[in-house]
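2 protein chains.
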Amino acid sequence: MKLITRYTDYAIRALCFIAKSDKEVVSVPDLVASLKIPRPFLRKILQVLNTQGILSSCKGQGGGFSLARKPEKIFLMDLMNIFQGPFKLNECFFKMKCCPNTKTCLLRKRISRIEQYVIAQLQSITIASLLGSG
Amino acid sequence: MKLITRYTDYAIRALCFIAKSDKEVVSVPDLVASLKIPRPFLRKILQVLNTQGILSSCKGQGGGFSLARKPEKIFLMDLMNIFQGPFKLNECFFKMKCCPNTKTCLLRKRISRIEQYVIAQLQSITIASLLGSG
DNA sequence: GACAAATGATACCATTATGGTATCATTAAT
DNA sequence: ATTAATGATACCATAATGGTATCATTTGTC
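Chains as they are written, first to last, in the numbering used here: chain A, 1043 to 1176; chain B, 1043 to 1176.
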């Protein structure tokens, strides 16, 4: 079980790199040189981040990407929503005719509590909080 | 993202049913009649639970399955280990040359803390605890 | 002993998600 | 005009998940 997929993971690395960079815009070649992420895959991820309002882009020679928001305003939860869909630990397989056995669906309640905790944690993680003392 | 898969989910339902039953052994037809789980799939799951020491089986006519341990001793964590492998939220994609950016791998630390919490919760859930006041 | 009813073992299959590639069009600086 | 970048989009390979099918074996009942 993975909490975050490669998409999200790569997005985080790329965003951290861009956040740390001195440059006005950071290009894919810049990123590929430092992070070892397959180029076409990285491009795809950056394009999604652009359309989702996390990054801004400049086309043409000398172009590249820059953060569309401050690192403090980019939450891990945002990235997971974009690349992994809404976070739910708790999807009942017997949709709405939940658990033949117990009316109260005790398992779902337990899982819901776990879910609430995890979401709270994820909402506290931002790109800024992952930059360290850099 | 699913915390538990259908295998685990069905296993839980079946075990709860068997735990509640008056009968000495519970057969697949008994289970299929009450829980709406595809018969061949359920059989497969029960066979695994048998080989893993969660259930005991009796072959032949009038045969079936019974719990090999008390419901208090069957943990959700056991079932997840069997059907989903060891629980890890935290697999680093850059195995051991962890995170080029930060030596300290701040993201992994955050995820580790979440993982510890989830595991503790999962270890507190048993079949007995899911039976309700039945 | 024959039969029926159960599990044991095992091979197979369809669908989906994940991770990744490839290609052509468009933009803009030189 | 050329070059170096992104935009858009279609495609693909692999693995995991969820599920089926089949035959062998055991055991109670007539």
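Heads up, the beta-carbon is just placed ideally off N, CA and C, and yes, glycines get one too. Quantities reported herein were computed from a predicted structural model and do not represent experimental measurements.
If we count the other Cβ atoms within 10 Å of its Cβ and call it buried at 16 or more, is residue i buried or exposed?
i	result
Ala1053(A)	buried
Thr1050(B)	buried
Cys1100(B)	exposed
Lys1083(B)	In the sequence as displayed, the identity of residue 1083(B) is Phe instead of Lys. With fewer than 16 Cβ atoms within 10 Å of its Cβ, Phe1083(B) is classed as exposed.
Met1138(B)	A caution first: Met1138(B) carries a pLDDT of 43, below 50, which makes its placement in the model unreliable, though a value can still be read off. Answer is exposed; the Cβ neighbour count stays below 16.
Phe1075(A)	Here the sequence assigns Ala to residue 1075(A), which means Phe is not the residue at that position. The residue in question, Ala1075(A), is exposed, as its Cβ has fewer than 16 Cβ neighbours within 10 Å.
Arg1055(B)	buried
Cys1058(B)	buried
Thr1093(B)	exposed
Gly1035(B)	With chain B represented from 1043 up to 1176, any question about residue 1035(B) goes unanswered, as that position is not in the structure.
Ala1162(B)	exposed
Asp1120(A)	buried
List, in chain order, every chain B residue whose beta-carbon is nearer than 7 angstroms to that of residue i.
i	result
Val1074(A)	The premise fails here: Val1074(A) is roughly 12 angstroms from chain B at the closest Cβ pair, so nothing lies under 7 angstroms.
Ile1054(A)	Leu1149
Leu1172(A)	Leu1148 and Leu1149
Arg1081(A)	Result: empty, since nearest Cβ-Cβ is about 16 angstroms, beyond 7 angstroms.
With C-beta atoms as the reference, is residue i less than 8 angstroms away from residue j?
i	j	result
Ile1096(B)	Ile1079(B)	no
Gly1174(A)	Leu1149(B)	no
Glu1157(B)	Ser1108(B)	no
Ile1060(A)	Val1070(A)	no
Phe1125(A)	Thr1047(A)	yes
Glu1114(A)	Lys1044(B)	no
Leu1164(B)	Leu1118(B)	yes
Which residues in chain B have a C-beta closer than 8 angstroms to the C-beta of residue i? List them in chain order.
i	result
Ile1049(A)	Reading off the sequence shown, one finds Tyr at residue 1049(A), where the question assumed Ile. In chain order: nothing, as chain B lies at least about 11 angstroms away.
Arg1085(A)	Here the premise fails: no neighbours, minimum Cβ distance about 18 angstroms.
Ile1060(A)	Result: empty, since nearest Cβ-Cβ is about 11 angstroms, beyond 8 angstroms.
For residue i, return the contacting residues in chain A, with the cut-off set at a CB-CB distance below 9 angstroms.
i	result
Gln1165(B)	Per Cβ cutoff of 9 angstroms: no residues; Gln1165(B) is ~12 angstroms from chain A at best.
Ile1156(B)	Leu1045, Tyr1159, Val1160, Gln1163 and Leu1164
Gly1105(B)	Neighbours of Gly1105(B) on chain A: none; closest Cβ ~23 angstroms, over 9 angstroms.
Leu1057(B)	Going along chain A, no residue has its Cβ under 9 angstroms from Leu1057(B), so there is no contact; the nearest lies around 10 angstroms.
Could you tell me which chain A residues have their CB closer than 7 angstroms to the CB of residue i, listed as they occur along the chain?
i	result
Lys1065(B)	Those within 7 angstroms of Lys1065(B) in chain A number zero; the least Cβ separation is about 16 angstroms.
Going along the chain, which unbroken runs of the beta strand (DSSP E) with 3 or more residues stay wholly within the stretch 1079 to 1119 of chain A?
Qualifying beta strand (DSSP E) stretches, in chain order: 1097 to 1100 and 1106 to 1109.
Please identify, using Cβ separations under 9 angstroms, the residues of the stretch 1114 to 1130 of chain A that lie next to chain B, in order along the chain.
Going along the stretch 1114 to 1130 of chain A in chain order, one finds Leu1118, Met1122, Gln1126, Gly1127, Phe1129 and Lys1130 with a Cβ nearer than 9 angstroms to chain B.
Any C-beta of chain B within less than 7 angstroms: which residues of the stretch 1091 to 1104 of chain A qualify?
Taking 7 angstroms as the cut-off between beta carbons, none of the residues of the stretch 1091 to 1104 of chain A comes near chain B.
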